[in-house]
């Protein structure tokens, strides 16, 4: 069946001299070839139904249909529907697992206090050249998300179960090959990493800036196990801990009331707040800021300055006389074999039960004997504490 093909005539092929040179002529004849006039790229021709043979049409314009005119709704992506790193890829090329973001391990109860404001946290990380994206960890989640107890770590790896940076004895290091551990507590340090590989901040009332603190954890890397809840310490990775600028007076004032109140209350009661209380007490006595040597000398005595309360400490921070030292925490690696060892060792492990406290009036000692024992302990002279540049203790064993 023969079909007549349309022929589009331009000004050069047109026999008649039309004045309108911007239009094109469409004729229908036996010629199979089609000659198209060059138009702007954004203009396309849509062929209409074939008219009767021999008729000519002059087109003054071209109508380009839109999606709206055809009743087709343009897809509007939902905000947060796809991570930025996947933009430019086709949706069918992205599996569901790759779209999932790291999540905080599910615990019975996440025990965390309110941390620094987002602006303060990001400013410290950016100034240290640390990104906010977590370190990529290629490990199955059923292994990565297994947490351990603190007493389990003490039994298998050594160290004081209440210290944030426990000292590991040489025999334990020889046995396990691991010496440097850090156990941040989200109640005392809520800006510590909560997701394996994530960056964070570590704060302490050291009585001096982080740059001035003589601490060993600013060199090398540490295995960080964050306390997410009671008996839940999760391995976050290998971290480089470096000093940063202390919180300024303005930054301290910008923090929430709950955060500031918590720090002042703890510093007034806890042993690890003794440095702050000593500095404030010496400042009252001397009428000036004490030197580092004067503070270290006072720390070797039995004076703990427990008469200084939370209001006194809050005033010192509000005036800028006291500041919180800051260290950045950057994940630089992840020891997969260490985490697998934890999973293997804790499988079937049963924690030792603690002795229950006695209740009731029955006791092996009479009241006079107990009173005499207490009097003997109170009159016994305590040994002075050893000189330390900084002492950091966890909130509790957990």
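Residue numbers (full-length UniProt numbering): 1 to 398.
All C-beta atoms in this analysis are idealised placements derived from N, C-alpha and C, irrespective of residue type, glycine included.
Computed from a predicted model, the values in this text were never measured in an experiment.
By DSSP, does residue i sit in helix, in strand, or in coil?
{"i": "residue 141", "result": "helix"}
{"i": "residue 61", "result": "With a pLDDT of only 49 at residue 61, under the threshold of 50, the placement of this residue in the model should not be trusted; the figure read from the coordinates follows. In the structure shown, residue 61 sits in coil (DSSP, three-state: anything other than H, G, I, E or B)."}
{"i": "residue 329", "result": "strand"}
{"i": "residue 222", "result": "strand"}
{"i": "residue 165", "result": "coil"}
{"i": "residue 289", "result": "coil"}
{"i": "residue 97", "result": "Residue placement at residue 97 is flagged as unreliable, the pLDDT there being 41, under the threshold of 50; the coordinate-derived value follows with that caveat. Helix at residue 97."}
{"i": "residue 282", "result": "helix"}
{"i": "residue 312", "result": "helix"}
{"i": "residue 121", "result": "helix"}
{"i": "residue 324", "result": "coil"}
{"i": "residue 153", "result": "helix"}
{"i": "residue 342", "result": "helix"}
{"i": "residue 189", "result": "coil"}
Here's the rule I'm using: 16 or more other beta-carbon atoms within 10 Å means buried, otherwise exposed. How should residue i be labelled?
{"i": "residue 185", "result": "buried"}
{"i": "residue 351", "result": "exposed"}
{"i": "residue 399", "result": "No statement about residue 399 is possible, as the shown extent of the chain runs from 1 to 398 and does not include it."}
{"i": "residue 344", "result": "exposed"}
{"i": "residue 255", "result": "buried"}
{"i": "residue 150", "result": "buried"}
{"i": "residue 320", "result": "exposed"}
{"i": "residue 139", "result": "exposed"}
{"i": "residue 281", "result": "buried"}
{"i": "residue 227", "result": "buried"}
{"i": "residue 386", "result": "Low per-residue confidence applies at residue 386: pLDDT is 41, beneath 50, and the placement is therefore not dependable, though the value from the model is reported in the following sentence. Under this definition residue 386 is an exposed residue."}
{"i": "residue 158", "result": "buried"}
{"i": "residue 122", "result": "exposed"}
Alpha carbon to alpha carbon, what distance is there between residue j and residue i?
{"i": "residue 180", "j": "residue 166", "result": "8 Å"}
{"i": "residue 333", "j": "residue 197", "result": "8 Å"}
{"i": "residue 242", "j": "residue 124", "result": "11 Å"}
{"i": "residue 145", "j": "residue 261", "result": "33 Å"}
{"i": "residue 224", "j": "residue 156", "result": "16 Å"}
{"i": "residue 136", "j": "residue 331", "result": "10 Å"}
{"i": "residue 347", "j": "residue 203", "result": "34 Å"}
{"i": "residue 85", "j": "residue 133", "result": "Reliability of the predicted coordinates at residue 85 is poor, the pLDDT of 35 falling under 50, and no value is obtained from them."}
{"i": "residue 259", "j": "residue 176", "result": "38 Å"}
{"i": "residue 271", "j": "residue 328", "result": "24 Å"}
{"i": "residue 244", "j": "residue 208", "result": "12 Å"}
{"i": "residue 210", "j": "residue 336", "result": "31 Å"}
{"i": "residue 195", "j": "residue 265", "result": "28 Å"}
{"i": "residue 220", "j": "residue 238", "result": "10 Å"}
{"i": "residue 187", "j": "residue 263", "result": "10 Å"}
{"i": "residue 127", "j": "residue 248", "result": "15 Å"}
CB residue i to CB residue j, shorter than 8 Å?
{"i": "residue 110", "j": "residue 201", "result": "no"}
{"i": "residue 236", "j": "residue 290", "result": "no"}
{"i": "residue 233", "j": "residue 173", "result": "no"}
{"i": "residue 300", "j": "residue 143", "result": "no"}
{"i": "residue 273", "j": "residue 205", "result": "yes"}
{"i": "residue 190", "j": "residue 277", "result": "no"}
{"i": "residue 283", "j": "residue 295", "result": "no"}
{"i": "residue 253", "j": "residue 310", "result": "no"}
{"i": "residue 164", "j": "residue 251", "result": "no"}
{"i": "residue 325", "j": "residue 246", "result": "yes"}
Any heavy atom of the ligand SAH inside 7 Å of the beta-carbon of residue i?
{"i": "residue 163", "result": "No copy of the ligand SAH appears in this structure; indeed no ligand is present at all."}
Can you give, in chain order, each stretch of the alpha helix (DSSP H) that sits fully within the segment 224-280 and has at least 4 residues? 249-254, 257-269
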